[in-house]
Amino acid sequence: RQAGFAQIRALAALFISTTFLMLQLMIRPYKRQVDDVLNGLFSLVLIVWFNATIVINGCLISPAFCSAFGHKAGETPDELFSVFVSFLAVIVLASLVLICYITATATDGMVVLKERGTNAEPPLTL
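Following the numbering used here, the numbering of the sequence shown begins with 3 at its first residue and continues without gaps.
Quick look at the structure:
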């Protein structure tokens with residue numbers, strides 16, 4: 003009985019996260035593109051995580067549900083968990099590469115602070 007409520011909570015979380023991601027992609031609430039992309043990628047990670055929760059809980063509730071994914075009755079869904087974790091790792095690594103690229107290209111057109119008389123960059127130390 004508790005597992006059924008866990009499925010309902012996971013489905014509600016998936017629906018809310020997907021709706022939030024769609025609204026965020028349409029509205030673009032942040033000034034910088036980097037922030038929009040980063041928040042979108044984090045939302046995508048949450049959506050994949052909620053999908054994994056639904057599938058793994060479904061395997062624990064019903065062996066027939068799990069057999070649809072190629073698992074035999076009585077097996078634990080550890081293999082499915084490892085697939086989802088590896089997929090999430092790929093998403094996180096790709097997002098880091100994308101954020102580094104966006105950050106590197108965003109700094110190309112930035113205004114540089116220069117001194118008036120010499121037109122040289124001032125020595126700014128921390």
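We put the CB at the ideal spot given by N, CA and C, even for glycine.
Query, Result
"C-beta contact flag for F67 and G60 at 7 Å", "yes"
"Meets three-Cβ-pair contact criterion under 8 Å: the segment 13 to 33 and the segment 81 to 101", "no"
"7 Å Cβ cutoff met for A54 and F86", "yes"
"C-beta atoms of L48 and S84 nearer than 7 Å", "no"
"When L62, Y103 and R118 are compared against Q9, the one with the closest alpha-carbon", "L62"
"Closest Cα partner of V36 within the set A106, S88 and E123", "A106"
"Residue environment, V99, which counts as buried when at least 16 other CB atoms sit within 10 Å", "exposed"
"A122 burial status per 10 Å Cβ neighbour count (16 or more: buried)", "exposed"
"S64 versus V39 - alpha carbon distance", "37 Å"
"8 Å contact criterion, which L23 and G6 should meet: CB distance rounded", "The pair is not a contact, with the Cβ atoms about 26 Å apart (cut-off 8 Å)."
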